[in-house]
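Have a look at the structure below, then the notes.
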Amino acid sequence: MTPPGDPAVPSVPVHTLAIAASGARFPVRRIYCVGRNYADHAREMGASGRELPFFFAKPADAAFSVPEGACGDLPYPPATADLHHEVELVVALASGGRNLSPEQAAQTPWGYAIGLDMTRRDLQAAAKKAGRPWETAKAFDFSAPMGPLHPVRAVGALSSGAIELWVNGQLRQSGDLADMIWSVPEAIAYLSTLFELRAGDLLFTGTPAGVGAVQVGDRLEARIERLGMLRLQVV
Ligand code: MN
5 MTPPGDPAVP SVPVHTLAIA ASGARFPVRR IYCVGRNYAD HAREMGASGR
55 ELPFFFAKPA DAAFSVPEGA CGDLPYPPAT ADLHHEVELV VALASGGRNL
105 SPEQAAQTPW GYAIGLDMTR RDLQAAAKKA GRPWETAKAF DFSAPMGPLH
155 PVRAVGALSS GAIELWVNGQ LRQSGDLADM IWSVPEAIAY LSTLFELRAG
205 DLLFTGTPAG VGAVQVGDRL EARIERLGML RLQVV
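Our numbering applies: residue 5 is where the sequence shown begins, and numbers increase by one.
What follows is the structure in structure tokens.
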């Protein structure tokens, strides 16, 4: 008989992400994502442009790190014929709380990374049409590739700067962090009215216009000013 308190299956390790210029790892608790946070992308998805933010989530282990300077493998997921890229600023929290003001929320980030909110767009369209949840479209395995995290103490608080994505050398997405409808502190503050936030939580902060499909063999390069490059090949 298993002694009381022992795990019923082998222990699940805490999921961690790489930190730039450091051997330390960042433990991931939850992954939240903001929908439609750039007006030009909101318009391309059929919305008007200024609505309250809305959120969805990915499992912690959907995120994976691509080391600085390396080209990571991005597995093409099953059950889709329309896998889309969405380049996003990812904020990793050092602390959290409930009902934070934007000023309090501005103190919570530990660091930032480049991330891709990979999306099975065909499954998302079917879910929207049927009024069903988005998990199969957004929360699949390997749906959140990321570059290493850069601490706030190294790069400062990011509120502006270019955010770009190329596919096979062609620029597909180009925006500026300053174009977010809800700033990072505003999005964190609003999210904290819905969930108690804690250290280890990640927030994907939305994508600028230009989302589109990728195929096996495509090379993706994402850049955010001050955060370097994220390189992937779809396999
Ligand atoms: Mn997104």
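For each residue, glycine too, the CB sits at the ideal point set by N, CA and C.
As the structure is a prediction and not an experimental result, all values here were calculated from the model.
Please tell me whether P7 has its Cβ less than 7 Å away from any Cβ of chain D.
The structure shown contains no chain D; it is built from a single protein chain.
Name the one or two DSSP bridge partners that I228 has.
If you number the sequence shown from 1, residue 228 lands on position 224. Per DSSP, the beta bridge partners of I228 are I167.
For H89, name the three-state secondary structure that DSSP assigns.
Taking the sequence shown and counting its residues from 1, one reaches residue 89 at position 85. DSSP, read as helix, strand or coil, puts H89 in strand.
Can you check whether the CB of L153 is closer than 7 Å to the CB of F30?
In the sequence shown, counting from the first residue as 1, residue 30 sits at position 26. In the sequence shown, counting from the first residue as 1, residue 153 sits at position 149. Yes.
Beta-bridge partners of R124, as assigned by DSSP:
Position 120 of the sequence shown, counted from the first residue, corresponds to residue 124. BP columns for R124 point to L87.
Collapsed DSSP secondary structure at T211 in the structure displayed:
Here residue 211 refers to the residue found at position 207 of the sequence shown. Here T211 sits in coil by DSSP.
With the cut-off set at 7 Å, would you say A117 and V91 are in Cβ contact?
In the sequence shown, residue 117 corresponds to position 113, counting from 1. In the sequence shown, residue 91 corresponds to position 87, counting from 1. No, they are not a contact pair.
Measuring CB to CB, does A213 end up less than 7 Å from H89?
The count along the sequence shown starts at 1 and reaches residue 213 at position 209. The count along the sequence shown starts at 1 and reaches residue 89 at position 85. Using a Cβ distance threshold of 7 Å, A213 and H89 do not count as a contacting pair.
Quick one: using the 10 Å Cβ neighbour count with 16 as the cut-off for buried, is F280 buried or exposed?
Because the chain spans 5 through 239 in this model, residue 280 falls outside it and cannot be assessed.
Candidates D77, R176, D180 and V171: which alpha carbon is nearest L236's?
Within the sequence shown, residue 236 is the residue found at index 232, counting from 1. Looking at the Cα atoms, D77 is the closest of the given residues.
Please state the DSSP three-state secondary structure of A22.
Indexing the sequence shown from 1 puts residue 22 at position 18. Under the three-state reduction of DSSP, A22 is assigned to strand.
Secondary structure of D205, DSSP reduced to three states:
Numbered from its first residue, the sequence shown carries residue 205 at position 201. Coil.
Assign S69 to buried or exposed, taking buried as 16 or more other Cβ atoms, counted over all protein chains shown, within 10 Å of its Cβ.
The residue you call residue 69 lines up with position 65 of the sequence shown. By the neighbour-count definition (other C-beta atoms within 10 Å, threshold 16), S69 is a buried residue.
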